[in-house]
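Undergrad: Below are the structure tokens for one structure; questions will follow.
Printed below as a string of structure tokens:
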């Protein structure tokens, strides 16, 4: 799943902190960008943003149809879109993976 052109202040602040924490960057790379496992603290923080919560909510609401899935990784990258040429915006590729039995029992 992709959140295209994030325009949420809380999520953008978390993205900036994640990039700074990981490698001191204050800019976005082209796709695939910088990836954060959701098993890491930084990845959990991204999953807890308004944009990440929506992805989790979608997976819960569609568990009957999709099965036990989780977000395994969040990859943050530069959005290159004609619509948003006036400013740089981040997009997030939420990599959806099967949940393990430990994930299902724990959560």
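Residue numbers (the working numbering): 2 to 108. Idealized CB from N, CA, C, for every residue including glycine.
Examine the Cβ distances between the segment 54-67 and the segment 23-32 and report whether three or more of them are shorter than 8 Å.
TA: no
Undergrad: Taking the alpha-carbon of residue 71 as reference, which of 102, 89, 80 and 36 has the nearest alpha-carbon?
TA: 102
Undergrad: Judging by CA-CA distance, which residue of 51, 59 and 95 is the nearest neighbour of residue 11?
TA: 51
Undergrad: I'd like to confirm the pairing. Which residues does DSSP put opposite residue 78 in its beta bridges?
TA: 92
Undergrad: Which residues bound the alpha helix (DSSP H) around residue 66?
TA: 64-67
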